[in-house]
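The structure appears right after this line, and notes come after that.
Number of protein chains: 2
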Amino acid sequence: MARIVMKFGGTSVADLDRIRNVARHVKREVDAGNEVAVVVSAMAGKTNELVGWAQQMPRASGANLPFFDAREYDAIVASGEQVSAGLLAIALQSIGIDARSWQGWQIPIRTDGAHGAARIVDIDASTLIERFGRGQVAVVTGFQGIGPDNRIATLGRGGSDTSAVAVAAAVKADRCDIYTDVDGVYTTDPRIEPKARRLSKISFEEMLEMASLGAKVLQVRSVELAMVHKVRTFVRSSFDDPDAPGMGDPVNPPGTLICDEDEIVEQQVVTGIAYAKDEAQISLRRVSDRPGVAAGIFGPLAEAGINVDMIVQNISEDGSRTDMTFTVPSGDVDKALSVLEKVRETVGFDVLQHEAGMMKVSVIGIGMRSHAGVAATAFKALSERGINIRAITTSEIKISILIDGAYGELAVRALHSVYGLDKQ
Amino acid sequence: MARIVMKFGGTSVADLDRIRNVARHVKREVDAGNEVAVVVSAMAGKTNELVGWAQQMPRASGANLPFFDAREYDAIVASGEQVSAGLLAIALQSIGIDARSWQGWQIPIRTDGAHGAARIVDIDASTLIERFGRGQVAVVTGFQGIGPDNRIATLGRGGSDTSAVAVAAAVKADRCDIYTDVDGVYTTDPRIEPKARRLSKISFEEMLEMASLGAKVLQVRSVELAMVHKVRTFVRSSFDDPDAPGMGDPVNPPGTLICDEDEIVEQQVVTGIAYAKDEAQISLRRVSDRPGVAAGIFGPLAEAGINVDMIVQNISEDGSRTDMTFTVPSGDVDKALSVLEKVRETVGFDVLQHEAGMMKVSVIGIGMRSHAGVAATAFKALSERGINIRAITTSEIKISILIDGAYGELAVRALHSVYGLDKQ
Numbered sequence: 001m002a003r004i005v006m007k008f009g010g011t012s013v014a015d016l017d018r019i020r021n022v023a024r025h026v027k028r029e030v031d032a033g034n035e036v037a038v039v040v041s042a043m044a045g046k047t048n049e050l051v052g053w054a055q056q057m058p059r060a061s062g063a064n065l066p067f068f069d070a071r072e073y074d075a076i077v078a079s080g081e082q083v084s085a086g087l088l089a090i091a092l093q094s095i096g097i098d099a100r101s102w103q104g105w106q107i108p109i110r111t112d113g114a115h116g117a118a119r120i121v122d123i124d125a126s127t128l129i130e131r132f133g134r135g136q137v138a139v140v141t142g143f144q145g146i147g148p149d150n151r152i153a154t155l156g157r158g159g160s161d162t163s164a165v166a167v168a169a170a171v172k173a174d175r176c177d178i179y180t181d182v183d184g185v186y187t188t189d190p191r192i193e194p195k196a197r198r199l200s201k202i203s204f205e206e207m208l209e210m211a212s213l214g215a216k217v218l219q220v221r222s223v224e225l226a227m228v229h230k231v232r233t234f235v236r237s238s239f240d241d242p243d244a245p246g247m248g249d250p251v252n253p254p255g256t257l258i259c260d261e262d263e264i265v266e267q268q269v270v271t272g273i274a275y276a277k278d279e280a281q282i283s284l285r286r287v288s289d290r291p292g293v294a295a296g297i298f299g300p301l302a303e304a305g306i307n308v309d310m311i312v313q314n315i316s317e318d319g320s321r322t323d324m325t326f327t328v329p330s331g332d333v334d335k336a337l338s339v340l341e342k343v344r345e346t347v348g349f350d351v352l353q354h355e356a357g358m359m360k361v362s363v364i365g366i367g368m369r370s371h372a373g374v375a376a377t378a379f380k381a382l383s384e385r386g387i388n389i390r391a392i393t394t395s396e397i398k399i400s401i402l403i404d405g406a407y408g409e410l411a412v413r414a415l416h417s418v419y420g421l422d423k424q
Numbered sequence: 425m426a427r428i429v430m431k432f433g434g435t436s437v438a439d440l441d442r443i444r445n446v447a448r449h450v451k452r453e454v455d456a457g458n459e460v461a462v463v464v465s466a467m468a469g470k471t472n473e474l475v476g477w478a479q480q481m482p483r484a485s486g487a488n489l490p491f492f493d494a495r496e497y498d499a500i501v502a503s504g505e506q507v508s509a510g511l512l513a514i515a516l517q518s519i520g521i522d523a524r525s526w527q528g529w530q531i532p533i534r535t536d537g538a539h540g541a542a543r544i545v546d547i548d549a550s551t552l553i554e555r556f557g558r559g560q561v562a563v564v565t566g567f568q569g570i571g572p573d574n575r576i577a578t579l580g581r582g583g584s585d586t587s588a589v590a591v592a593a594a595v596k597a598d599r600c601d602i603y604t605d606v607d608g609v610y611t612t613d614p615r616i617e618p619k620a621r622r623l624s625k626i627s628f629e630e631m632l633e634m635a636s637l638g639a640k641v642l643q644v645r646s647v648e649l650a651m652v653h654k655v656r657t658f659v660r661s662s663f664d665d666p667d668a669p670g671m672g673d674p675v676n677p678p679g680t681l682i683c684d685e686d687e688i689v690e691q692q693v694v695t696g697i698a699y700a701k702d703e704a705q706i707s708l709r710r711v712s713d714r715p716g717v718a719a720g721i722f723g724p725l726a727e728a729g730i731n732v733d734m735i736v737q738n739i740s741e742d743g744s745r746t747d748m749t750f751t752v753p754s755g756d757v758d759k760a761l762s763v764l765e766k767v768r769e770t771v772g773f774d775v776l777q778h779e780a781g782m783m784k785v786s787v788i789g790i791g792m793r794s795h796a797g798v799a800a801t802a803f804k805a806l807s808e809r810g811i812n813i814r815a816i817t818t819s820e821i822k823i824s825i826l827i828d829g830a831y832g833e834l835a836v837r838a839l840h841s842v843y844g845l846d847k848q
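From first to last, the protein sequence lines stand for chains A and B. Once you know that position 44 of the first sequence is 44 in my numbering, the rest is easy, because the numbers rise by one and skip nothing. Once you know that position 289 of the second sequence is 713 in my numbering, the rest is easy, because the numbers rise by one and skip nothing.
Encoded structure:
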């Protein structure tokens, strides 16, 4: 017997038939003697509809306001999960499973009350646990809790993953199964490299890099939370037949386990190749090299809400001037340039260059901590294919390389091959 | 300055434009210096969609259950008002009015917890009143409160009228304005008699008879509640231009005031003509006339959920047998006949007759308490037009006559005319 949290996203509960399918997944785990809490998102499309209404309303009222009250936004948007949770509870009851829905304020799931982007502060799990003992399944609305102001607060888009991991931590679950529309975490994107393999395990740290680099399987915050609370998290498919052989395997169910690195016995040097499209490169030439220059550049960009990624700084020949290169999402280039033009005087730089259509390719693996030559292998593989490297950044478990977007798919496949990821 | 509760139904908040229009109605009252709480229904069609999902789910799950958990039903269905209340709050804010939404559990509006058909037990109005003092408009979700089990409980269809009156009673409002898709209460249905006039005032008692007899302007329970707490209730149109002359008149705004009869100085003998279509007449011939017979007939019908209306009993010539006639909605005839066949032995009757396609026409007016001959006038008017009377029941302020449905419109017009209702 185990205690399991199961999370189902919007596409998994998109209509009544799919909710019925979710109920069969839950029944399988209950029949196996497990204690189960389920966390659900809103039915696919509902959240977008509600967000659209909330955003249009101020303009519809002729106010020409870009903003709206985030507390009202939360009250509106949180209604989506209320519906899917209630429907799943009914679906479970109708196949003989004792279940009830829980809204965030009922448990309660307490948040810091930062409406629209709240963080979970505390979950009182006592009632849920008490009801596990009676055999009742808890169906919890994802994406939301209650703020200190006694109003509903949502966690931001994709927050249901975070809700699931937080509930798992609170009830001390043995496992948190994230059911999604992919069947696990792959060595790279199978749409680019058909030889990509599903990983049976990946460490929290690696998953954080994979997720933040654009492998959009899990919300980054949920992985951070899982890492802190050491919640063993499975990524698996909700579209598999719930009763297929092995689906209820308590140790090795189909999917990818995200876990502490200690649990990964045979560590690979490189675990996966991630990428991020539509990056733009911005370069400031001959920046005066004095303290405070970086702050003078990146402070205003951050204030403008621009997400700066790779930053590379080279000193110039005479040591008095430097070149500064960094990347931003292509969609933010114009905004970034306008911010930079405003600080040209105070920062002091000669030339402002930019180029869109870049792609960042990243090699990820905790094994590279103890293996030399991992970066050199990447540079050689790209060089052999005539791919020019625009910028490089590295961390302990990651090498990121900026290249021309036209070579992106070629680069991903080359790196996937050179580290042996397409072999079992 | 007055304290006003304004209620808007589903068609009044059906889309963003209409919600914006509602905001203008609210702004008019706020600008006049009034303290305002608004009660809203779900956007038109939303509640039906949610109810449909909740009802289909057990069958979708292959359970073939006719029932579902009413607590989950409530959680699902109550989400509709959550959305419209949030959107209206945003619409109000965007035209410069301080407003916030309140869900039933936040105020709280406490109910008896009879999920799906809950009754309001208590409303803690202290916070709302405190915020009135700061100039804040309260936007309250209609149709719902919280049960003793800390779960959302809905009041049953049309419950937002009841919510509005209950909130008005709790905050001791000077007036409860029910905005709807008609502009008031008429002397009869204008679709049948174009000469029907809008009443400026009607007593609670008369409105109760009008409402329960099929003049579907207000939920019956809301009128009962208004009568008990003496809440002066206005029925008015949400589709009028919010800023038209007279709309903000504190004493005589356009619409119909439902109030205590003491407030109606010039009482008419007859106030209105109501009707109920699709009635069926069921007659039991030669029922043995002994104590307990009526209970033996109507008990099982009530248990089967059949709403019996007019009941007429005549004694037979020899005094040992009686004829029993009553009406049920046409849709319930088959069910009623099957119930009655089962009790034929124990009750003891010879013949079971039924006829559908009847219509009940009712003459309503508190003035008839002190005026003789009101009934005779009705009978004569119908007789002159060759309309046969099938059954008659009377109360202090109402005469109901069952006739063949084919003559229904003719009868309504005849009665409307004979009591002078088409004259100003």
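Backbone N, C-alpha and C fix where the C-beta goes; we use that ideal spot for every residue, glycine too.
Burial is judged here by how many other beta carbons sit within 10 angstroms of a residue's own beta carbon; B/P715 has fewer than 16 and is exposed. Annotation for A/M227: the continuous alpha helix (DSSP H) segment containing it runs 220-229. One Cα belongs to A/I97, the other to A/V36, and the distance between them is close to 11 Å. Proximity to A/L415 across A/V269, A/A54, A/D334 peaks at A/V269, based on C-alpha coordinates. Neighbourhood of B/L511 in chain A, by CB distance below 8 Å: W53, A54, M57, E72, I76, in chain order. Against chain A, a Cβ distance below 7 Å from B/I514 picks out A54, M57, P58, F68, D69, E72.
Of the candidates B/K619, B/V644, B/K596, B/R660, B/K596 places its Cα closest to the Cα of B/H653. As computed with DSSP, A/T394 is found in a beta bridge with A/I399. Residue pairing by DSSP puts B/R660 in a beta bridge opposite B/Y603. Taking A/V223 as reference, the option from A/A70, A/R236, A/C259 with the minimal CA-CA separation is A/C259. B/K431 is a Cβ neighbour of B/S584, given a cutoff of 8 Å. Listed in chain order, the positions of the segment 287-315 of chain A with a beta carbon within less than 8 Å of a beta carbon of chain B would be empty, since no residue qualifies.
At least 8 Å separates the CB of A/L128 from every CB of chain B. Think of a sphere of 7 Å around the beta carbon of B/S465: no beta carbon from chain A falls inside it, the nearest being about 14 Å out. With contacts defined by Cβ atoms closer than 8 Å, B/E633 and B/A700 do not form a contacting pair. Legend: CB atoms of the segment 515-538 of chain B lying less than 9 Å from CB atoms of chain A belong to residues A515, L516, Q517, S518, I519, G520, A523, R524, S525, Q527, W529, Q530. Leaving aside the five residues that flank A/Y186 on each side, the residues in its chain whose CB is nearer than 6 Å to its CB run, in chain order, A196, R198. Contact annotation for B/Q568 against chain A: no contact, minimum CB-CB distance about 12 Å [criterion: below 8 Å]. DSSP places A/G145 in no alpha helix (DSSP H) but in the uninterrupted beta strand (DSSP E) bounded by 144-146. Between the segment 528-547 of chain B and the segment 587-595 of chain B there are three or more C-beta pairs closer than 8 Å, enough to call the two in contact. Our two residues, A/D422 and A/P253, have alpha carbons roughly 22 Å apart in a direct line. Residue environment for A/A244: exposed (fewer than 16 other C-beta atoms within 10 angstroms of its C-beta).
In chain A, no part has a C-beta under 8 Å from the C-beta of B/Q560; the shortest such distance is about 12 Å.
DSSP places B/D455 in the uninterrupted alpha helix (DSSP H) bounded by 440-455.
At least 8 Å separates the beta-carbon of B/F750 from that of B/R710. Counting every other CB atom within 10 Å of its CB across the protein chains shown gives B/A594 a total of 16 or more, marking it as buried. Three or more Cβ pairs closer than 8 Å define a contact, and the segment 725-735 of chain B falls short of that threshold against the segment 786-795 of chain B.
Judged by beta-carbon spacing, A/G142 lies within the 8 Å limit of A/E81, meaning their Cβ atoms are closer than that value. The three-state reading of DSSP puts B/Y610 in strand, counting E and B together.
In terms of Cβ geometry, A/V77 and A/V51 form a close pair [threshold 8 Å]. The criterion of a C-beta distance shorter than 8 Å is not satisfied by A/K360 and A/M324. By the Cβ-count criterion, A/T180 is buried, with 16 or more other Cβ atoms from all chains shown falling within 10 Å of its own Cβ. Chain B places a beta carbon closer than 8 Å to that of A/Q82, counting this residue as a contact.
A/A304 sits in coil when the DSSP states are folded into three classes, being neither helix nor strand. By the neighbour-count criterion, in which a residue is buried when 16 or more other Cβ atoms sit within 10 angstroms of its Cβ, B/M481 is buried.
Contact annotation: the segment 380-390 of chain A touches the segment 402-417 of chain A, with at least three C-beta pairs closer than 8 Å.
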